[in-house]
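Input: a single structure, listed below in structure tokens.
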Amino acid sequence: MIPAAFEYHAPASLDDATALLARLGEEAKILSGGQSLIPLMKLRLSSPPHVVDINGIPGLSYIREADGVLAIGALTRESELEESEIVRARYPLLHDTCKVIADPLVRNLATIGGNLAHADPANDHPATMLALGAEVVARGPSGQRRLPIASFFTGPFETALAPGELLVEIRIPAPAARSGGAYFKLERKVGDFATAAVAAQLTLRSDGAVEQAGIALTNVGLTPIKAVQAETSLRGKRLDDATIAQAARLASAASEPAADLRGSVAYKKDLVRVLTGRALRKAAERADRRR
Amino acid sequence: MRVQLSINGEKHEADVEPRLLLVHLIRDVLRLTGTHIGCDTTHCGACTVLLEGRPVKSCTMFAVQANGKSLMTVEGLEQDGKLHPLQEGFMAEHGLQCGYCTPGMLMTGYAFLGKHPTPTEDEIRVAISGNLCRCTGYVNIVKAVQHAAATLREGAAR
Numbered sequence: 167m168i169p170a171a172f173e174y175h176a177p178a179s180l181d182d183a184t185a186l187l188a189r190l191g192e193e194a195k196i197l198s199g200g201q202s203l204i205p206l207m208k209l210r211l212s213s214p215p216h217v218v219d220i221n222g223i224p225g226l227s228y229i230r231e232a233d234g235v236l237a238i239g240a241l242t243r244e245s246e247l248e249e250s251e252i253v254r255a256r257y258p259l260l261h262d263t264c265k266v267i268a269d270p271l272v273r274n275l276a277t278i279g280g281n282l283a284h285a286d287p288a289n290d291h292p293a294t295m296l297a298l299g300a301e302v303v304a305r306g307p308s309g310q311r312r313l314p315i316a317s318f319f320t321g322p323f324e325t326a327l328a329p330g331e332l333l334v335e336i337r338i339p340a341p342a343a344r345s346g347g348a349y350f351k352l353e354r355k356v357g358d359f360a361t362a363a364v365a366a367q368l369t370l371r372s373d374g375a376v377e378q379a380g381i382a383l384t385n386v387g388l389t390p391i392k393a394v395q396a397e398t399s400l401r402g403k404r405l406d407d408a409t410i411a412q413a414a415r416l417a418s419a420a421s422e423p424a425a426d427l428r429g430s431v432a433y434k435k436d437l438v439r440v441l442t443g444r445a446l447r448k449a450a451e452r453a454d455r456r457r
Numbered sequence: 044m045r046v047q048l049s050i051n052g053e054k055h056e057a058d059v060e061p062r063l064l065l066v067h068l069i070r071d072v073l074r075l076t077g078t079h080i081g082c083d084t085t086h087c088g089a090c091t092v093l094l095e096g097r098p099v100k101s102c103t104m105f106a107v108q109a110n111g112k113s114l115m116t117v118e119g120l121e122q123d124g125k126l127h128p129l130q131e132g133f134m135a136e137h138g139l140q141c142g143y144c145t146p147g148m149l150m151t152g153y154a155f156l157g158k159h160p161t162p163t164e165d166e167i168r169v170a171i172s173g174n175l176c177r178c179t180g181y182v183n184i185v186k187a188v189q190h191a192a193a194t195l196r197e198g199a200a201r
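Which chain is which? The protein sequence lines are A and B, in order.
According to the working numbering, the first sequence holds residues 167 to 457 in order.
According to the working numbering, the second sequence holds residues 44 to 201 in order.
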């Protein structure tokens, strides 16, 4: 399959890229890892007249923890996240997530920035970042701004990025003591989108009660869904079976799946309930190990 | 656009349209036809090549993105008329039936063994999970990678 012809741009700096994007407006698509964009272009579901390849811009690929924040450059590849010792040791929810995105070959090119900015409700990082309470940094021709992830996803394949803006960094608050998270995804086969997936992040108090909870859902709505009522239901409570079951029911109620080849609405809603329970148990087990 | 790249240690140059996919540059322009095109939809991995040492799907990259990069294709495995231990492993363990997925399996396996000299079966299965074999000959493909790992370890010990 051959994509429609386009003009290729490879800016060498962020300033060049944002100036170019501001000038080209809706005519341009940003090429990051290309693992979603290029298949769409081959199917001609997307035929942008201009492609702005940001891979040649230095300084956009890094994973560093400083001042209570894990900062990840937007061009960081999924395989680099997967191999990162700091992600493995301190951010288990993120580690779980990057391991189940597409397949190992795709993960060698796919980027975390692309996964978020593409805003496909079936993508995995959006729910994880909602559960982690991340921020994203957007850079435009007139400077940069930070946005809470909860206001980033405005619709299917739509974000709060303005024309001319580029997502440059993801910022995740460093976990407090007794924090842990987990991502549970059911997929029909490696490389398929999730039938449903659940991200959970917990911080426990010294008495074992929940201090803070983040729960978010993948591919069961037009955008990733933050299960706010399920989160609230956990606060101040010990994670016994009844508490987990109630949060799982509330997460399921927050989901708005559509029936497709992967399953019916009822099946997917129940799957959210089951996966939420599993993710919360795993997150609690991990939080308990990190006193 | 002019692109310059190195494939299997050899420099190549070509004038390409930006929309030309890397796999078409490799096969149709440079005539290195060992790399296969399978699904053409980023699923099957038959088109796997190494980009700066990492296996990627060459049907899901534009040729212009490889400008200035170093690539390795299946033709680069054989050295001085001698097959690579991984190729020997695929022969010895009957790691191919129709052979269509083989170039991709070999390139993924080659990069994997470079990082995992003593792999478990599970690690091999995860590593090749982006490469599909429609003959479903995975059992022997896993054995072939294990065979190669053993040969490479012996070679390193000698």
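Every residue gets a Cβ at the ideal spot worked out from N, C-alpha and C, and that includes glycine.
Classified as exposed, tyrosine 228 of chain A has fewer than 16 neighbouring CB atoms from the shown chains inside 10 Å of its CB. With fewer than 16 other beta carbons inside 10 angstroms of its own, glutamate 251 of chain A counts as exposed.
Alanine 109 of chain B sits in a helix when the DSSP states are folded into three classes. Between leucine 400 of chain A and isoleucine 391 of chain A, the gap from beta carbon to beta carbon reaches 8 Å or more. The Cβ-Cβ distance between arginine 415 of chain A and arginine 439 of chain A falls below 8 Å. Assignment of arginine 452 of chain A by DSSP, reduced to helix, strand and coil, places it in the helix class.
If only uninterrupted alpha helix (DSSP H) runs of at least 4 residues are considered, those enclosed by the stretch 95–156 of chain B are 128–135. In the DSSP assignment, glycine 306 of chain A falls outside any alpha helix (DSSP H) and lies within the beta strand (DSSP E) extending over 301–306.
In the DSSP assignment, histidine 55 of chain B is bridged to B:Leu48. Here asparagine 221 of chain A has Ala176, Leu197, Ser198 and Leu241 as same chain residues with Cβ atoms under 8 Å from its own Cβ, once five neighbours each way along the sequence are excluded. Here proline 205 of chain A is actually not in contact with threonine 179 of chain B; their C-beta atoms are around 24 Å apart, not less than 8 Å. Only residues of its own chain outside the window of five on either side were considered, and among them Ala366 and Ile410 have a CB closer than 6 Å to the CB of leucine 446 of chain A, listed in chain order. Taken through DSSP and simplified to helix, strand or coil, threonine 161 of chain B comes out as coil. By the C-beta density criterion, valine 182 of chain B is exposed, having fewer than 16 other C-beta atoms within 10 angstroms.
In chain A, no part has a C-beta under 7 Å from the C-beta of serine 113 of chain B; the shortest such distance is about 15 Å. Under the three-state reduction of DSSP, isoleucine 315 of chain A is assigned to helix. Shown here, threonine 369 of chain A sits in a strand according to DSSP, grouped into three states. Comparing alpha carbon positions, the residue from A:Ala342, A:Thr398 and A:Phe359 closest to threonine 369 of chain A is A:Ala342. Contact check for glycine 330 of chain A and threonine 184 of chain A: beta-carbon distance about 6 Å, within the 8 Å limit, so the pair qualifies. DSSP links phenylalanine 350 of chain A through a beta bridge to A:Val364. In the three-state scheme derived from DSSP, where H, G and I count as helix and E and B as strand, isoleucine 184 of chain B is classed as helix. Neighbours of glutamate 131 of chain B in chain A, taken as residues at a C-beta separation under 7 Å, are lacking, since the least C-beta distance is about 24 Å. If you check the CB distance, glutamine 108 of chain B and aspartate 219 of chain A come in under 8 Å. Exclusion of the five residues before and after serine 202 of chain A leaves His284 as the residues of its chain whose Cβ lies within less than 6 Å of its Cβ. Within the stretch 255–283 of chain A, those residues whose Cβ lies closer than 7 Å to any Cβ of chain B are, in chain order, Asp269, Pro270, Leu271, Val272, Asn274 and Leu275. By the Cβ neighbour-count rule, leucine 68 of chain B is buried, with 16 or more other Cβ atoms within 10 Å of its own. Per DSSP, the unbroken alpha helix (DSSP H) holding lysine 208 of chain A starts and ends at 203–208. Taking 8 Å as the cut-off, the Cβ atoms of tyrosine 257 of chain A and valine 217 of chain A do not count as close. In the three-state DSSP reduction, glycine 88 of chain B falls in the coil class, being neither helix nor strand.
At least one C-beta of chain A is nearer than 8 Å to the C-beta of glycine 173 of chain B.
Excluding the 5 residues flanking it on each side, cysteine 176 of chain B has same chain C-beta neighbours closer than 6 Å at Cys144, in chain order. In this chain, leucine 383 of chain A is not harboured by any alpha helix (DSSP H); it is covered by the beta strand (DSSP E) spanning 376–384. Distance from the Cα of glycine 374 of chain A is smallest, within the candidate group A:Glu451, A:Phe323, A:Val386 and A:Ala340, for A:Glu451. Neighbours of aspartate 83 of chain B in chain A, taken as residues at a C-beta separation under 8 Å, are given in chain order as Met167 and Lys208.
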